[in-house]
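Novice:
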Amino acid sequence: MGTVVNDRLQVIGIQGLRVVDSSIFPHIPSAHLYAPTVMVGEKGADLIKIMEINLKIFILTLLFTTSIFAQLDHLNYGPFQQQGIPFRENNFLGARPILREYDFIVIGAGTGGCVVANRLSENPNWSVLVLESGKDETVYTDIPAVTSFLESSEYSWGYTVEPVKNGCFGFKKNRCPWPKGKGMGGSSIINDMYYQRGKREDYDIIASLGNDGWAYDDVLPYFLKSENNSIPEYQNSPFHSQKGNLHVERVRYHSTLVDKFIEAGGELGLKVNIDYTVDPEHGASRLQATTINGRRVSASKAFVRPVKDRQNLHVAIFSQVTKILIDPKTKLATEVEFLKRDKNRTVYAKKEIILSAGPINSPQLLMLSGIGPRDHLKNHRIPVIKDLQVGRNLQDHYGTVALEFIVNQTSPVINQQSISDPHLFEEWFKYGRVHLQYQGEWTA
Ligand SMILES: Cc1cc2nc3c(=O)[nH]c(=O)nc-3n(C[C@H](O)[C@H](O)[C@H](O)COP(=O)(O)OP(=O)(O)OC[C@H]3O[C@@H](n4cnc5c(N)ncnc54)[C@H](O)[C@@H]3O)c2cc1C
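With the numbering used here, the residue at position 264 of the sequence shown is 271, and numbering never jumps.
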């Protein structure tokens, strides 16, 4: 935000193209980014709705002043509605064709994409298409403890970092894997489900960089809008809500080491049992997790599944976007090119294209579409539509550096065997409370 998109998330100098995902942060909040990206999705959808309301007011004023009734045709969604098709391509979605045009096309059904698709399709007059490269979730992606296995499955893009001189020693050519989620829910299918938001100062810094509307007090309502927190002690907290789609709970499986760990924190002078979503510094507490009854709550489960019967929301999986078509003269983004079943297809956006392909693929798609650093695009023989510093502020945390302790007592360990143990599976499936719900010590 600031160099590639403006504070309304529109790509600078391009019309009809917005980025709504974790790649927009100019300063990374001091947290894992699931909840912050859900917040971006909520706010991004509101920014679009506000713009559309302003546009309608403008058009109505135009109609009254010049009586250009012909313009009503533009607002007529009849042809789409007449088809009345509950369209879901492939198993998520049945097997009906993708239409030729939609009001909004969302690229990527990850965290940002699922939220924005839900909120935009609240308006029955708007048609929304989501194009997702990967596939749908299964019951196995619901099991929190298998996360580390999912990172090397087809639910991840399989990226590796460039060779690292002083790190990644355990990997071939010093190249660590760089997991990024692929499929309905994106990285929220493979993430560790810690619910965090970051500090007040993080968002105040983002606003102070010239991004109006992104200070903590501006974004808190969007965190609350998305949250459904069932932790008993937070039911009356002004910093939590029970009305949103994203379920947050305490982990049911409770290793005894967790209490010892928190107790030890207290002995060292840390505040204990803090609400770290409000005051994330210098304390110890149990985890707040994005699960429900011990099952993962991905962005797809929270935001797309509940509304999958909306006639105006179409979701196509196994659909890999290869380019956004932008008119080089008008700089208007109008169409999306994608690959499905080995066939190149295009679909037209009447209002906007929303890029939610995540922190690696969104910049890549912008560059493939002619938006990026001029010299870099020229090196790859990509015609330059807009010279912007795309990809220059890429940040990620690869992992959490933590102290490791040897203890006398071993708590249950997850391995391939325990995942396929029918008794453990049944316990988790029915009650969500065995260690398949989480690896015990991660819960503090
Ligand atoms: C291993 C791991 C653990 C994590 N743990 C936590 C945690 O515990 N707590 C937390 O808060 N955060 C965590 N995160 C971070 C959090 O999940 C992400 O920051 C967040 O999901 C990012 O959302 P996004 O919308 O930017 O991208 P994503 O959720 O990654 O979504 C991008 C989507 O776009 C699709 N896509 C990409 N390119 C294309 C294309 N060309 N065409 C069509 N579709 C495309 C992808 O398949 C994907 O579905 C973790 C992330 C990872 C990878």
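Think of the CB as a built atom: it goes at the ideal place given N, C-alpha and C, for glycine as much as any other residue.
The structure displayed is predicted, hence computed values, not measured ones.
Is the Cβ-Cβ distance between Gly290 and Ile299 less than 8 Å?
Specialist: In this structure, Ile299 does not lie closer than 8 Å to Gly290 by Cβ.
Novice: Measuring straight from C-alpha to C-alpha, what distance separates Leu375 and Asn252?
Specialist: Going from the Cα of Leu375 to the Cα of Asn252 covers about 34 Å.
Novice: Answer with yes or no whether the minimum CB distance from Lys336 to chain D is below 8 Å.
Specialist: Looking at the structure shown, chain D is missing, and only one protein chain is on hand.
Novice: Once you ignore the five residues that flank Gln396 on each side, which residues in its own chain have a CB closer than 7 Å to its CB?
Specialist: Around Gln396: Thr10, Val11, Pro380.
Novice: Three or more C-beta pairs closer than 8 Å, one from the region 41-50 and one from the region 194-202: is that the case here?
Specialist: Contact holds: three or more Cβ-Cβ distances are below 8 Å.
Novice: How about Ile360 and Glu139: do their beta carbons lie closer than 8 Å?
Specialist: It is not a contact, given that the beta carbons lie outside the stated cut-off.
Novice: So is the beta-carbon of Asp219 under 7 Å away from any non-hydrogen atom of ligand 1?
Specialist: Result no, Cβ not under 7 Å from ligand 1.
Novice: Alpha carbons only, please: which of Lys336, Pro36, His254, Val265 is nearest the one belonging to Arg302?
Specialist: Among Lys336, Pro36, His254, Val265, the Cα nearest to that of Arg302 belongs to His254.
Novice: Given the structure, does Gly474 come close to ligand 1, in the sense that its CB is under 7 Å from one of the ligand's heavy atoms?
Specialist: Because the chain is modelled from 8 through 451, residue 474 falls outside the range shown and cannot be assessed.
Novice: Determine whether the beta carbon atoms of Tyr162 and Gly188 lie at a separation below 8 Å.
Specialist: Their beta carbons are under 8 Å apart, which means Tyr162 touches Gly188 by this criterion.
Novice: Report the three-state DSSP secondary structure of Ser233 (helix, strand or coil).
Specialist: Helix at Ser233.
Novice: Do Glu59 and Arg126 count as a contact pair if the criterion is CB distance below 8 Å?
Specialist: No; because the gap between Cβ atoms is not below 8 Å, this pair is not in contact.
Novice: Going by alpha carbons, who is nearest to Arg204 out of Asn198, Ile112, Ser134, Val226?
Specialist: Among Asn198, Ile112, Ser134, Val226, the Cα nearest to that of Arg204 belongs to Val226.
Novice: Give every residue of the same chain whose Cβ lies closer than 6 Å to the Cβ of Glu158, excluding the five residues on either side of it in the sequence, and list them in chain order.
Specialist: Closer than 6 Å at Cβ, skipping near neighbours: Pro186, Ile197.
Novice: Nearest-angstrom Cα distance between Asn130 and Asp316?
Specialist: Answer to the nearest angstrom: the Cα atoms are 14 Å apart.
Novice: So what's Thr148 in DSSP terms, helix, strand or just coil?
Specialist: Correct three-state label for Thr148: helix.
Novice: Sorted by chain position, which residues of the same chain lie with C-beta nearer than 6 Å to Asn218's C-beta, five sequence neighbours on each side aside?
Specialist: Closer than 6 Å at Cβ, skipping near neighbours: Met8, Asp14.
Novice: Between the alpha carbons of Arg293 and Thr154, how many angstroms are there, rounded?
Specialist: Each residue's alpha carbon lies about 19 Å from the other.
Novice: In this structure, how does DSSP classify Ser160 when only helix, strand and coil are distinguished?
Specialist: In this structure, Ser160 counts as coil in the three-state DSSP scheme.
Novice: Our contact map puts Ile114 next to Gln402 with C-beta atoms below 8 Å; I'd like the distance itself, whole angstroms only.
Specialist: Not quite, the Cβ-Cβ distance comes to about 21 Å (not below 8 Å), so this is no contact.
Novice: If you draw a straight line from the alpha carbon of Tyr283 to that of Met200, how long is it in whole angstroms?
Specialist: About 15 Å.
Novice: Please give me, in chain order, every unbroken run of the alpha helix (DSSP H) with length at least 4 that falls completely inside the region 255-307.
Specialist: Correct list: 263-274.
Novice: From Pro151, Pro366, Asn61, pick the residue whose C-alpha is nearest to that of His404; which is it?
Specialist: For the residues Pro151, Pro366, Asn61, the minimum Cα distance to His404 belongs to Pro366.
Novice: Indicate whether Thr450 and Val328 have their beta-carbon atoms separated by less than 8 Å.
Specialist: No, these two residues do not count as a Cβ contact at 8 Å.
Novice: If you compare alpha carbons, which of Thr145, Asn132, Leu277 is closest to Lys308?
Specialist: The shortest C-alpha separation from Lys308 is found at Thr145.
Novice: Out of curiosity, what's the CA-to-CA distance linking Leu372 and Pro313?
Specialist: Near 29 Å, if we compare the C-alpha coordinates of Pro313 and Leu372.
Novice: Mapping DSSP to helix, strand and coil, what is Leu373?
Specialist: DSSP places Leu373 in helix when its eight states are reduced to three.
Novice: Once the 5 residues before and after Arg348 are set aside, which same chain residues still bring their CB inside 8 Å of it?
Specialist: Excluding sequence neighbours, Arg348 sits near Phe325.
Novice: Which whole-angstrom value is the C-beta distance of Gly23 and Ala356, which I expect to be below 8 Å?
Specialist: The Cβ separation is near 7 Å, so the contact holds.
Novice: How close, in whole Å, do the beta carbons of Ile333 and Ile392 come, if the pair is a contact with beta carbons under 8 Å?
Specialist: At roughly 5 Å, the Cβ-Cβ gap stays under 8 Å, so Ile333 and Ile392 are in contact.
Novice: Near Asn236, what residues of its chain come up, given a Cβ to Cβ distance below 7 Å and the 5 sequence neighbours on each side ignored?
Specialist: Cβ neighbours of Asn236 beyond the five flanking positions: His247, Ser248, Gln249, Val255.
Novice: Can you look up Asn83 in the DSSP assignment and give me helix, strand or coil?
Specialist: Low per-residue confidence applies at Asn83: pLDDT is 36, beneath 50, and the placement is therefore not dependable, though the value from the model is reported in the following sentence. Correct three-state label for Asn83: coil.
Novice: Classify Phe412: buried if its beta carbon has 16 or more other beta carbons within 10 angstroms, exposed otherwise.
Specialist: Phe412 should be labelled exposed.
Novice: Between the C-alpha atoms of Asn351 and Gly377, what's the straight-line distance to the nearest angstrom?
Specialist: Cα-Cα distance, rounded: 19 Å.
Novice: Can you tell me whether Glu270 is buried or exposed, with buried defined as 16 or more other CB within 10 angstroms of its CB?
Specialist: Exposed.
Novice: Could you compute how far the alpha carbon of Pro170 sits from the alpha carbon of Ser134?
Specialist: C-alpha separation (whole angstroms): 44 Å.
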